[in-house]
Amino acid sequence: MAANNHSEHQSAGHGHHIIPAEIYKKVALALFVLTLLTVGFHYLFHSVMHGSVLAAPVAFLIAAVKASLVLMFFMGLKYDSVDNRIIFALGFFFLFVLIFFSALDIWTRVAVTSTL
Amino acid sequence: MSASTHTASHTSGEVNYINEFKGLKSWFTSLDHKRIGLLYMISVLFFFLVGGLFALLIRLELFKPGAQYLTPDQYNQVMTYHGAIMVFMVIVPGIPAILGNFFLPLQIGAKDVAFPRLNLTSWYVFMLGAIIAICTLFLGKIDTGWTFYTPYSIKTGTAATMMVVAAFVMGMSSILTGLNFIVTVHKLRAPGMTMFRIPLFIWAIYSTAVLQILATPVLGITLLLLAMERTFGVGIFDPNLGGDPVLFQHFFWFYSHPAVYIMILPAMGVVSELIAAFSRKTIFGYTAIAFSSIGIAAVSFFVWGHHMFVSGQSEVAGIVFSFLTMLVGVPTAIKMFNWLSTLYRGNISFESPMLFALGFLFLFAIGGVTGIMLATIATDVHFHDTYFVVAHFHYVMVGGTLMALMGGLYYWFPKMFGKMYNETLARLTFVLIFIGFNVTFFPQFILGAMGMPRRYFDYIPAYQSLNSISTIGSWLIGCGFLLSLYVIVTALRSGEKASDNPWGAKTLEWQTSSPPPHTNFHVEPVVTAGPYEYK
Amino acid sequence: MFWMQYAFASKFMPTAATDQASQVNNLYSFLLISSFIACVILIGGMIYFAYKYKRQSLTAKSAYITHNTFLEFLWSFIPLVIFLVVFGWGWHIYHQMRQFPKDALEVHVTGKQWAWEATYKSGVRTANLVKVPIDTDVKIILASNDVIHSFYVPSFRIKQDAVPGRYTAVWFNANKLGDFHIFCTEYCGTQHSGMIGKLQVVSREEYDKWLEEEAKFSTLPIAQKGEKLFQIKACSGCHSVADASVKVGPSLFKKFGAKEELTSGDSTGVDENYLRESILNPNAKIVKGFASGVMPSFQGQLSEDELSAIIEYIKSAK
Amino acid sequence: MSTSSSHTHDSHVAHHFRDANHQFESAKQGIWLFMVTEILMFGGLFVGYAIFHALYPKMFAEGASHLNWKLGFVNTLVLIFSSYTMAMSIHHLQKNEKSQAVTKLWLTVGCGVIFMCIKAFEYTGKFQHGFLPGRLLDVVHTGAESANLGMYYGFYYCMTGLHGLHVLIGMGLIVWLALRAQKGEFGEDYFTPVEGVGIFWHIVDLIWIFLFPLLYLVG
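Chains as they are written, first to last, in the numbering used here: chain A, 37 to 152; chain V, 10 to 544; chain S, 3 to 320; chain W, 267 to 485.
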């Protein structure tokens, strides 16, 4: 948050940042290509290699790249204020906290078995 | 706060937010944050009355061992309604939605919250949720406890799905309020009101809002999954279908632990205001208190597993959570010592709001140290789910939050309504509530140490005497709150006119007229100093 | 002087009947004392300041102190150190609670609505009673039939949830003879507070003798076996047999051969087949004045022999 | 401070804001905060998915094998395209090209319709073959090998259903925007609602970007 609450004005000013149409076009194209890539990898892992441990991480990685493209350009976070970037990052951070501790518990449980 | 607002005296008959528009419709459609604050006040106090009646019923049943007035099933329902109403409909919305709504814009010198329409919407959403919750009373009731633990909540034949939907809806309202407050604090501060000049109440409300935004959505999805579980049996939380009931507890406490700070942080904020104002002294360690609010909010997300030390959670997770829980103790201790230091060499007077603030310190100290006993993993194994826990969280939630809410209401009452209440009676309410509270809940620590589990309809005879004392205490609390209702109602009807700044406090809300005009300030304030400059 | 505080702490707690319980007591005593000191500082300081700096006149000047870095450091750091010590201590004890001794005597305890059912390796089964020998490592393996229960023995300072769908465990080594309470500390429905069992610590000889006698159970007359089962399966928690008083479900006193009014408006004679159906599929016919869905089904939980024994016992309730 | 005083209080600016830009920035921050709650809400589902996927990989693979990835693939492209048109409509508004903006908004709605139609088609197919969530799953008809396949379809319907609900809400909002835009209510001076709904629509797209590979491909 800005120490001085007037400073938002200086950065934004009246003219909102206009992202060129060219960039939107390129981003959309990149997203299409990445979607194809996802399917391509799926074909590779599923039909050629018949399953691989890499399938999930790779698919997730590509999805993450796509998501960040959408975030940065379509949603304009790249050109947005620091506040908003922090706010949005917080969401993902606490999501990570949720999965981290839940998984920590489930994967460190020592199994007790019946002896009857 | 030496703000260069105009300080002309305001004659009676002036236009203010109460008399500017007339008629019920003008209240139910008002976008004015002050009026919305009052709408919340009326509804929350009403629900508090209902929840309180359930509490009295619980204590009445537990006066003696064996069945007294209720059947076990009825008792379980009463216990559930007491918890659910008090948590979702009273303490979570309590201070933020009533006092926060009313004073957040006033204290930062804004004309309103950032999104007034959203603000009104959140009240309607809250009421919708509350009405659904109340409807369950007539459509099957609910007996799961406010925690909705699976698989009991999946199996029970009561109206759990409906209650879950109600909690979901009220969660949405909480999110909207939080969102509104964050943007208001970020964007609507008056000229010169830097982040380190906002009153500590605002820091507390702000930290609370962050929690509301970040934690509540997970509660939403958890409750939605629970509803799915009940309707379709998807098996995520149902062990019979390969699900994990302990995972439900993780999801639930990911919200509900931060939620206990949603309940207590605003109370801490109120207390900071009260102690500074009635000591006529600048607050000790402003920065430390402000950052400890944020610190508590942040760390509160990493400690939820301390509700699950014996739930079948792994040893590693238990120890990590115990360690992290200890860390929350530090910012809390900082706050306590800072309040104490503020009293040092102050100029202290003991009007009813200050009595509540000092009462808060007393009860919160006890609530705090017993919290450490519960955070210690080995002793928690013994105390978990016993009356020790019940006593602990009542000391913090009731002794803390409700004391602060009452103190805050008495403190700001002249500003909200432009009238004064009967001070003698107000002090009497404090005495009743404070003594009643300790009589009710201190024996419960001992009961817990003796091993009496919570949510018990009946108990072994060894626990009788302490339970009876506890029940008698609950009547004292009941009288105290009834008396405060009387104090407030008579003050509203025939209270003396209050001056604009009866306590001589320095924060911005006292620089405008009582009650404030629709746009809060007659002239936009320009702030040149911190909030507690008693020089 | 430590023993006095120790007495102070343990006065409110049930007898510590294991070494671990004594260790927990020590930690608790330490916590109590340090908490007491903390409260004296905080509350005492508050009262002292409130008295000393009471307002004399409205115009009197208060001191202008904004902060004191050294003090603030102190009261952040000292609590932190205390908290960490307490954490370490707690961890140490908890770790022992989670380290299961080898060759412990294993007892399976199953929580069900609303009773504790214990099964010994020899096949002996009991309800709401866990009998163990003194000075022996005992490992309780917990399971649940329906919802989450929590196995709590206050005197041993141990507690563990019984989670349906998996096993959890606790262990103890009792060093005192006597009867101790077993409470359920996870809310589990109607009779949650009635789910009280007895943990009996006896001498080795008495334990062995008891186990032997219990094993003879299989040779009992069929109605007596039914009576035992009636306890073990916690039927007795909801149905009275000795008289016509109503607990949760209808009394079974003098029921056999009588007529029952049903919620459907029909009536039925109480015979073997009706009893059998009511045990295996309790919601098929509901006696007038009682709610549906209260009694769990015992389908798959009783062998044919056991079922006959229970029915025989009900027949004998005259 | 450099507060622009060129247009202090036009009709869109509420009384408690200094000027249009102040209001715009505030509204936008509100939207971002709301997006955080969306992320955390869907995130809860993703966390559940991840955990059970790790616990029951075979069951999830079986579940995914019954889904038609081609439909998901087409839907991904449709949504990406709709995000593009949504972004472009704001771009046009910023340049005051109002009629083009209206076209782009309607195009976005059109994409939403296509998406929902494909979804409806997919759902009906699943219903007919007995792939229902939880205990409703028709074990005999589907020939399910994993005992708890219903859980996979629980996740599937929960995630896609909640997402579909968001698409529907987004479509409703965009229709409202398009109608207002047709009346010329938006332009370079004022397009706050379009920006806000735009961000909402992109988050819907963003969530689908994760849903597609997780549900249809990896399984």
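Where a beta carbon is used, it is the ideal one built from N, C-alpha and C, also for glycine.
Just so it is clear, the structure is predicted and the values come from calculations on it, not from any experiment.
Quick check: what's the CA-CA separation for residue i versus residue j?
i	j	result
S:S157	S:M15	8 Å
A:A125	A:A66	23 Å
V:A538	V:K290	15 Å
V:L113	V:V122	8 Å
V:F466	V:I328	32 Å
V:F57	V:V407	11 Å
A:S83	A:G76	10 Å
S:H97	V:H391	15 Å
W:V406	S:I316	41 Å
S:A52	V:Y353	8 Å
V:I486	V:Q86	22 Å
A:A100	W:F476	8 Å
S:I150	S:Q202	24 Å
V:S183	V:A276	17 Å
Measuring alpha carbon to alpha carbon, tell me which of the options ends up nearest residue i.
i	options	result
W:F421	W:F300, W:L483, W:H282, W:F312	W:F312
A:R145	S:A176, S:T170, S:L76	S:T170
V:V269	V:F443, V:E505, V:W519, V:H403	V:H403
S:E263	S:A246, S:K290, S:F255, S:E274	S:K290
V:R239	V:S301, V:N128, V:V173	V:V173
S:L86	V:M335, V:F330, V:N510	V:M335
W:V433	W:F452, W:L443, W:W474	W:W474
S:G66	V:G244, V:M95, V:F293	Reading off the sequence, residue 66 of chain S comes out as Tyr, not Gly. The shortest Cα separation from S:Y66 among V:G244, V:M95, V:F293 belongs to V:F293.
V:M363	V:Y419, V:V398, V:V399, V:G409	V:Y419
W:I380	W:P399, W:L337, W:G464, W:G453	W:L337
In chain order, what residues of the same chain have a beta carbon less than 6 Å from the beta carbon of residue i, not counting five sequence neighbours either side?
i	result
V:A224	Y264, P267
S:L131	K200
V:A500	K428, Y430
W:T351	K370, L373, T374
Strictly under 8 Å for the Cβ-Cβ distance: is residue i near chain V by that measure?
i	result
W:F323	The residue asked about is misnamed: residue 323 of chain W is Pro in this sequence, not Phe. With 8 Å as the cut-off, W:P323 does not count as an interface residue toward chain V.
W:Q295	yes
S:S238	no
A:S138	yes
S:E314	no
Please confirm whether residue i and residue j have their CB atoms less than 8 Å apart.
i	j	result
V:L33	W:M417	no
V:S358	V:F310	no
S:C41	V:A139	no
V:F260	V:T296	no
V:S216	V:I298	no
V:G457	V:F397	yes
V:T89	V:I151	yes
Identify, in the order they occur along the chain, each residue of the same chain with its Cβ nearer than 7 Å to the Cβ of residue i, setting aside the five sequence neighbours on each side.
i	result
V:P462	D394, T395
S:E216	V126
V:K515	M10, P540, Y541, E542, Y543
V:V496	Y430, N431, L434, A435, T438
S:V165	S146, I150
Between residue i and chain A, is any beta-carbon pair separated by less than 8 Å?
i	result
W:K361	yes
W:H407	no
W:V463	no
Answer yes or no: does any C-beta atom of chain S fall closer than 8 Å to that of residue i?
i	result
A:T149	yes
V:E360	no
For residue i, which residues in the same chain have their Cβ closer than 8 Å to its Cβ, ignoring the five residues on either side in sequence?
i	result
A:L90	F81
V:H15	Note that V:H15 scores 39 on pLDDT, short of 50, meaning its location in the model is unreliable and no value can be drawn from it.
Can you find a CB in chain W that lies within less than 8 Å of the CB of residue i?
i	result
A:K102	yes
A:G155	Residue 155 of chain A lies beyond the stretch modelled for chain A, which goes from 37 to 152, so this question has no answer here.
Please tell me whether, using a cut-off of 7 Å, the distance from the CB of residue i to the nearest non-hydrogen atom of the ligand FAD is below it.
i	result
A:I122	Judged by which ligands are present, the structure shown has none, so any question about the ligand FAD falls away.
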